[in-house]
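To start, the structure itself, in structure tokens.
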Amino acid sequence: MIVLQCSQVSKSFGAETVLKNAKLEVKSNERVALVGRNGAGKSTLLKIITGELSHDEGTVMIPKEVSIGYLAQDSGLASERSIWEEMMTVFEPLKKIERKLRSLEEKMADPERPDYEQVLADYDQLQQDFRDRGGYQYEADIRSILSGLNFEDYDYATPIASLSGGQKTRLSLGKLLLAKPELLILDEPTNHLDIDTLTWLENYLSGYSGALLIVSHDRYFLDRVVDNVFEMTFQKTYHYPGNYTNYLEQRALRFEQEMREYEKQQEEIKKLEDFVAKNIARDSTSNRAKSRRKKLEKIERIDKPMTDDESAKFRFDIERQTGNDVLMIEHLAFGYSEPLLSNVSLKMTRGESVALIGPNGIGKSTLLKTIAGQLEPLDGSIRYGSNVHIGYYDQEQTALNPKKNVLHELWDDYPQTKEKDIRTVLGNFLFSGEDVLKSVHELSGGEKARLSLAKLMMEKPNVLILDEPTNHLDLDSKEVLENALIDYPGTILFVSHDRYFVNRMATRIAELSSQKLTNYLGDYDYYVEKKDEEYQWKQLEQAPEDELGSGSDIGKKSASEAGGEAKETYEKQKERQKEKRQIERKVAEIEQTIETNENRIAEIEELLCDPDIYQDSKRSFELNEEMEQLNNQNETKMEEWETLQNSTQ
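As numbered in this note's numbering, the sequence shown has no gaps in its residue numbers, which increase by one up to the final residue, 656.
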């Protein structure tokens with residue numbers, strides 16, 4: 008059953024067309040992602056679907072019996088109720104049935120009633136309806152959802168008005184999950200969620216009984232949850248079955264195929280045009296030329312495929328390298344008037360990329376600010392290695408001056424730099440033309456993030472401390488940032504809830520809890536694997552011996568011993584990550600060389616089709632010899648490419 012169908016939907020605001028001929032279809036129990044660059048119109052389409060906005064053209068069809076739940080970006084609950092009271096409003100129909108049941112029970116106390124048999128029948132039917140609709144478990148459902156969304160330690164009598172914006176957004180999501188609509192529409196649902204809560208939400212949505220339509224920049228989340236992707240680009244919509252990774256692969260294949268078809272048609276058109284131009288005036292060939300011209304006029308021209316390649320282009324350089332020891336933290340207490348955490352120790356060496364993770368509110372951002380010198384330590388020590396120059400990225404962008412324009416926000420920090428060079432830097436971060444004269448306070452979250460990254464790049468620090476650097480960035484900008492950081496020759500300490508980003512960037516995971524800081528020597532997938540291992544051993548240790556079996560080697564072995572057998576040494580893990588990055592860079596270089604050679608081979612083949620060159624034996628021989636050398640080089644490069652690919656598997 009189709010629960011949502013959008014056909015040829017268009018929307019303009021004044022002279023600006025935001026949506027044009029958008030198409031979308033969601034069937035029962037499908038999990039659909041809607042992706043595209045910031046500004047592609049994703050949120051606008053969601054608002055049209057939910058009736059918040061009207062559309063200018065096209066149709067939106069939703070069956071009358073289909074209920075819709077919609078979570079807008081950062082849409083927090085505005086309520087004077089307590090947490091529990093607000094969640095209970097979802098179940099008002101059930102509470103109404105419950106009140107009717109209590110009323111019938113009172114009537115059933117009098118068996119002498121003339122309508123006693125009817126009361127019994129009504130009670131049985133109503134009780135069955137109550138049971139079928141979850142009447143005996145809705146309070147347990149509320150507690151389960153609140154626990155999953157990290158409210159298990161809260162007093163449920165807490166007024167919602169006293170909560171933060173992020174907490175209100177989580178409660179808004181919780182209400183939708185409790186309502187269980189047939190079509191659940193989520194716009195950036197992973198905002199304000201820590202990693203544990205994200206994992207819970209993924210598992211919950213995997214078993215959700217209705218259909219899902221999701222807009223999200225969280226690639227890890229999309230990979231785990233969705234089974235269909237609709238891409239909005241250049242005011243067109245494309246459908247790709249599968250998760251986000253499958254979408255990327257299929258999109259690349261589609262573009263290659265469309266480009267081949269376009270180039271083939273262009274080649275045919277050029278041959279026809281050349282024939283017509285050379286032969287239309289000759290009596291002997293004029294008729295054939297006219298026939299070709301008619302054929303040319305009938306050709307339905309294929310538009311050249313466009314790639315959404317307007318991405319920021321930058322890299323982080325350093326002026327000089329640090330010593331081997333970069334950061335030494337011992338028994339640190341940090342916070343504001345009172346410590347958030349105490350006795351935290353951490354050591355970092357040159358070239359590491361360390362992800363600091365932990366639940367929301369544990370103090371990750373505060374720790375970064377303390378390390379970056381924004382806050383004074385309350386106790387303990389922070390020592391920096393030789394030549395350390397820290398660059399700090401604040402997720403709130405508090406360092407930006409809202410009264411300045413984009414150009415002077417950067418130029419005032421580097422007044423000796425020429426204006427054209429400042430404009431070039433800003434252009435690399437997608438600020439071009441009049442954009443550089445926009446006021447900072449007018450910028451979107453993504454624009455502020457790019458401006459902050461531009462300032463950070465200009466500093467040329469050899470140590471980067473990054474607090475949620477991918478927030479507000481679209482998917483393409485995230486990829487550009489990741490590639491720039493992978494090539495960065497310095498040391499990185501970062502906080503991020505973007506698990507895809509953590510997985511690509513981290514050589515070590517530092518997990519911050521209320522008791523301690525624990526290191527896991529690997530990427531995010533390795534961290535998850537080790538946490539699962541730890542959980543399994545903990546369960547075994549807590550189980551009675553008769554469940555394990557008295558002769559069980561597993562039962563006799565401690566979790567720490569088992570973990571020690573599997574754990575790689577730090578130096579080996581670090582070297583493995585370094586080798587992996589070197590191989591990735593070498594593979595990219597080989598692919599670039601092969602592409603360059605193939606383009607040159609195509610040029611030579613076209614030249615050899617030219618009768619003047621073909622008849623010039625010397626020139627023809629030189630071109631054939633060059634083409635043979637390029638083909639041989641490509642064969643060698645392909646063998647090298649295959650060897651490197653196999654070494655990473």
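Beta carbons are placed, not taken as given, at the ideal position from N, Cα and C, and that holds for glycine.
Remember, predicted model here, so these are calculated numbers, not experimental data.
(1) Considering only residues of the region 488-534, which uninterrupted beta strand (DSSP E) runs meet the minimum length of 3 residues and lie entirely inside it, listed in chain order?
(2) Let me know the secondary structure DSSP gives M239 once reduced to three states.
(3) What's the call for Q174, buried or exposed, on a 16-neighbour Cβ count within 10 Å?
(4) State the Cα-Cα distance for the pair I75 and L480, rounded to the nearest angstrom.
(5) CA-CA distance, E326 and A40?
(6) Can you list, in chain order, the residues of its chain with a C-beta nearer than 6 Å to that of A456? Leave out the 5 residues immediately preceding and following it.
(7) Looking only at its own chain, which residues have a Cβ that is under 6 Å from the Cβ of Q80, when we skip the five neighbours before and after it?
(8) Is the beta carbon of D230 closer than 8 Å to that of Y251?
(9) If contacts are defined as beta-carbon pairs under 8 Å, then Y531 and N510 qualify, I think. What distance do you get, rounded to the angstrom?
(10) How about R357 and G330: are their beta carbons less than 8 Å apart?
(11) Alpha carbon to alpha carbon, how far is Y163 from M94?
(12) P188 by DSSP, collapsed to three states: which one?
(13) Indicate the three-state DSSP secondary structure (helix, strand or coil) for M313 in the structure shown.
(14) Taking D139 as part of the alpha helix (DSSP H), name the residues at either end of that continuous run.
(15) Please report the straight-line C-alpha distance between R515 and L614, rounded to a whole angstrom.
(16) For a test of the three-state rule: what should DSSP assign to G440, helix, strand or coil?
(17) Contact between the region 399-412 and the region 433-448: three or more CB pairs below 8 Å?
(18) Look at the Cβ atom of I389, then the Cβ atom of L347, and state whether they are nearer than 8 Å.
(19) If you compare alpha carbons, which of K34, G43 and D63 is closest to G21?
(20) According to DSSP, is K18 part of a helix, a strand, or is it coil?
(21) Give the straight-line distance between the Cα atoms of L97 and E536, rounded to the nearest whole angstrom.
(22) To which residues does DSSP link S360 through a beta bridge?
(23) What residue does the alpha helix (DSSP H) around T377 start on, and which one ends it?
(24) Using the Cβ count rule (16 or more neighbours within 10 Å means buried), how would you classify R177?
(25) Alpha carbon to alpha carbon, what distance is there between E541 and I378?
(26) Return helix, strand or coil for H224, following the three-state DSSP convention.
(27) Please report the residue range of the beta strand (DSSP E) in which Y391 lies.
(28) Whether or not the region 50-62 and the region 496-510 are in contact is what I'm after, with contact meaning three or more pairs of Cβ atoms, one per stretch, closer than 8 Å; do they touch?
(29) Expressed to the nearest angstrom, what Euclidean distance is found between the alpha-carbon atoms of K644 and N606?
(30) Alpha carbon to alpha carbon, what distance is there between V594 and P384?
(31) Just list the residues that DSSP pairs N412 with in beta bridges.
(32) Taking the DSSP output, what are the residues bridged to M355?
(33) Have a look at S17 and Q125 and give me their C-alpha separation to the nearest angstrom.
(34) Pull up the distance between the alpha-carbon of A29 and that of V236, whole angstroms please.
(35) Can you list, in chain order, the residues of its chain whose CB lies under 8 Å from that of E209, leaving out five sequence neighbours each side?
(36) Between L458 and S50, what straight-line distance do the alpha-carbon atoms span, to the nearest angstrom?
Taking the definition as stated:
(1) 498-502, 515-519 and 524-527
(2) strand
(3) buried
(4) 28 Å
(5) 43 Å
(6) H479 and L480
(7) D194 and E195
(8) yes
(9) 4 Å
(10) yes
(11) 10 Å
(12) coil
(13) coil
(14) Y123 to D139
(15) 53 Å
(16) helix
(17) yes
(18) no
(19) D63
(20) strand
(21) For the sequence presented, residue 97 should be read as Val rather than Leu. When rounded, the distance between both Cα atoms is 37 Å.
(22) I499
(23) K371 to I378
(24) buried
(25) 30 Å
(26) coil
(27) D386 to Y391
(28) no
(29) 15 Å
(30) 44 Å
(31) S446
(32) L334
(33) 56 Å
(34) 14 Å
(35) F228, R231 and V232
(36) 24 Å
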